[in-house]
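Reviewing the structure listed below.
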Amino acid sequence: MSITRVRGRATLATLIIAAAFGAQPPLAQTSRSPVAPRRQQVEAVVREAYDLFKSDTGGKNADYLPYLAQVNPKLFGVAIVTTDNQVFTLGDVDYSFSIQSISKVFTLALAMEELGPKKVFERIGSEPTGRAFNSVPAVVDMPSHTGNPLVNAGAIATTSLISGTDANEKWNKILNFYSAAAGEKLSLIGDVYKSEAATNAGNKALAMLLAKYDRIYNDPFESVDIYTKQCSVGVNATQLARMGATLANNGINPATAKQVIKREDIPYILATMTMAGLYDSSGYWAWHVGLPAKSGVGGGIVAIVPGKGAIAVFAPPLDEAGNSVKAQKVIEYVANKLDFNLYSPASVGLK
Ligand code: DON
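Numbering (our numbering), first residue to last: 2 to 352.
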């Protein structure tokens, strides 16, 4: 396993956070949290999880998008980035895969940046749909029609909220925002975009249906095209973990120290992820893992440990709900072993 400490900022907050992941001095031994996992412990648990699930053959690649069907199903990478920018990586963490639905979280953050959480909540809503992520009946049946920002309909409507003089300006704004969260310049995977743009009639239908209910806020097809591009952005597991760590770190990217997302928006984003981040498995996830997370059909999942860091796992085969099988298993294992579950007494020192 590779561990790097890229840069640490010596604020009180980051020192406390560093302690939570077992970082070494300058923090005095006595100020270390009694429930904090040590660096070696994180390393050992990630290795255990990796070895335990490496040969798991459950699930299958998404095949409704032709590009995703041909990605090597054996690819498997795990990355943790802490809020003091320690990086733990194992496996295929440099492979660039399409971010897919995980993008929805960051477009939501950008929409809040522009409009504030109240207007975003009014225009999109935040209720679970209880249906598949691309459900048409959910748009008809839900009182809000959009559902929430993490299902396709609500996400396309959220993308339609982003301002700009033309489609290109909006798209570049989105890409730059994601790059700021990753701390590196991200780019479109052209083949994913082409493959998806040629097969996204379902998303166009969702956008037109939203137009019928006045729940899309710009040209429906332009919004679908920008949404398709945002789903086709390439990230590797380490970049994805850093995007997650930015959420865990009150919106400040731990590598660049830039405030990318407004601090006051973070609770709404994490609440939305908890409620709908894994679609129809969000209830199981809250029960067994207890961390805000988001999946994408590209095979990535990122889970946020507020104040501490984020874990991102990439492994293409998915379950019925569209969530990576191995990624769920690894994150559940690591979260339980390291007491990351936000609802567990142990995680707050009440063991
Ligand atoms: O719009 C779609 O269907 C894909 N671009 C994204 C779906 C997705 O990632 C659902 N996630 N688990």
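The beta carbon of each residue, even a glycine, is placed where N, CA and C say it ideally should be.
With DSSP as the reference, please indicate the residues paired to residue 79 in a beta bridge.
-> Answer is 91 and 314, bridged to residue 79.
Pairwise C-alpha distance: residue 218 and residue 294 | Spanning the two alpha carbons is a distance of roughly 27 angstroms.
How about residue 116 and residue 162: do their beta carbons lie closer than 8 angstroms?
-> Going by C-beta atoms, residue 116 is nearer than 8 angstroms to residue 162.
For the beta strand (DSSP E) that contains residue 305, what are its first and last residues?
-> Start and end: 301–306.
Give the secondary structure of residue 339 by DSSP, where H, G and I count as helix, E and B as strand, and everything else as coil.
-> Shown here, residue 339 sits in coil according to DSSP, grouped into three states, outside any helix or strand.
Can you tell me whether DSSP reads residue 120 as helix, strand or coil?
-> Residue 120 falls in the helix class under three-state DSSP.
Would you list the one or two residues that DSSP bridges to residue 98?
-> According to DSSP, residue 98 shares a beta bridge with 236.
So which of 252, 54, 134 and 257 has the shortest CA-CA distance to residue 86?
-> Comparing Cα-Cα distances from residue 86 to each of 252, 54, 134 and 257, the minimum goes to 257.
Compare the beta carbon distance of residue 79 and residue 91 with 8 angstroms and say whether it is the shorter of the two.
-> Against a cut-off of 8 angstroms, the Cβ pair of residue 91 and residue 79 comes out as a contact.
Would you tell me roughly how many angstroms separate the C-alpha atoms of residue 69 and residue 170, rounded to the nearest one?
-> When rounded, the distance between both Cα atoms is 28 angstroms.
Taking three-plus beta-carbon pairs below 8 angstroms as touching, is the stretch 223–233 in contact with the stretch 100–109?
-> Short answer: they touch.
By the 10 Å Cβ neighbour count, where 16 or more other Cβ atoms means buried, how is residue 321 classified, buried or exposed?
-> By the neighbour-count rule (16 or more Cβ atoms within 10 Å), residue 321 is not buried but exposed.
Test item: CB-CB of residue 57 and residue 330 under 8 angstroms | Yes, the Cβ-Cβ distance between residue 57 and residue 330 is below 8 angstroms.
Between residue 355 and residue 39, what straight-line distance do the alpha-carbon atoms span, to the nearest angstrom?
-> Residue coverage of the chain in this structure runs from 2 to 352, which leaves residue 355 outside it and unanswerable.
Can you tell which of 134, 140 and 148 has its C-alpha closest to the C-alpha of residue 127?
-> Of the listed residues, the one whose Cα sits closest to residue 127 is 148.
Closer than 7 angstroms: is that where the CB of residue 185 sits relative to any heavy atom of the ligand PLP?
-> With respect to the ligand PLP, the structure offers nothing, as its ligand set consists of the ligand DON.
Pick helix, strand or coil for residue 127, following the three-state DSSP scheme.
-> Note: residue 127 maps to coil in three-state DSSP.
At what residues does the alpha helix (DSSP H) containing residue 1 begin and finish?
-> As displayed, the chain neither begins before 2 nor continues past 352, which places residue 1 out of reach and without an answer.
Check whether residue 234 and residue 187 have beta carbons under 8 angstroms apart | Against a cut-off of 8 angstroms, the Cβ pair of residue 187 and residue 234 comes out as a contact.
Would you kindly check if the distance between the Cβ of residue 236 and the Cβ of residue 183 is under 8 angstroms?
-> Going by C-beta atoms, residue 183 is nearer than 8 angstroms to residue 236.
Does the beta-carbon of residue 284 have 16 or more other beta-carbons within 10 angstroms, so that it is buried, or is it exposed?
-> Label assigned to residue 284: exposed.
For residue 48, which option in 136, 335 and 297 has the closest C-alpha, if you only look at C-alpha atoms?
-> Out of 136, 335 and 297, 335 has the C-alpha closest to the C-alpha of residue 48.
What separation, rounded to the nearest whole angstrom, lies between the Cα atoms of residue 77 and residue 240?
-> Taking the Cα positions, residue 77 is about 15 angstroms away from residue 240.
State yes or no: is the C-beta of residue 305 within less than 8 angstroms of the C-beta of residue 242?
-> Contact flag unset, no.
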